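Asks:
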Amino acid sequence: MKANEFDSKFDESAEDIIDDLDVTTARRVNHEAKRINVDFPAWVVESLDREAARIGVTRQSIIKVWLVERLRAEAANKPLKSDTASGAL
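Per this note's numbering, the sequence shown starts with residue 1345, numbered consecutively.
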């Protein structure tokens, strides 16, 4: 299929285009995983494990979510809700 045919099919929304795509090699830009090691005190790991269990996720998941939330807040130059609620800043 030529690009203009694909574009037309997409623009017309007449058919589902997913069958025309090879998603086996698809990747998200800037989402490649890179392994790092971080050392935390035992009490931090225990606290992370308790919170992760409370909400039903893994330790790694909660660390990722919290880091992304913080990075986005910093990028937007906005404090986290918990920072303003606790009186921090």
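Cβ atoms here follow ideal geometry from the backbone N, Cα and C, with glycine treated the same way. In this text, all values refer to a predicted model and were calculated from it rather than measured experimentally.
Considering only residues of the same chain and omitting the five flanking positions on each side of residue 1418, which have a CB-CB separation below 6 Å?
Replies: Contacts found: none.
Asks: Output the distance between the C-alpha atoms of residue 1382 and residue 1395, rounded to the nearest integer angstrom.
Replies: Answer to the nearest angstrom: the Cα atoms are 18 Å apart.
Asks: Among 1412, 1389, 1356, whose alpha-carbon lies nearest the alpha-carbon of residue 1375?
Replies: Nearest option by C-alpha distance: 1412.
Asks: Output needed for residue 1405: all residues of its chain with C-beta closer than 8 Å, excluding positions within five of it in sequence on either side, in chain order.
Replies: Same-chain partners within the cutoff: 1396.
Asks: Note down the Cα distance separating residue 1371 from residue 1398, rounded to an integer number of angstroms.
Replies: When rounded, the distance between both Cα atoms is 32 Å.
Asks: My output table needs one value for residue 1411: the three-state DSSP class, helix, strand or coil.
Replies: Note: residue 1411 maps to helix in three-state DSSP.
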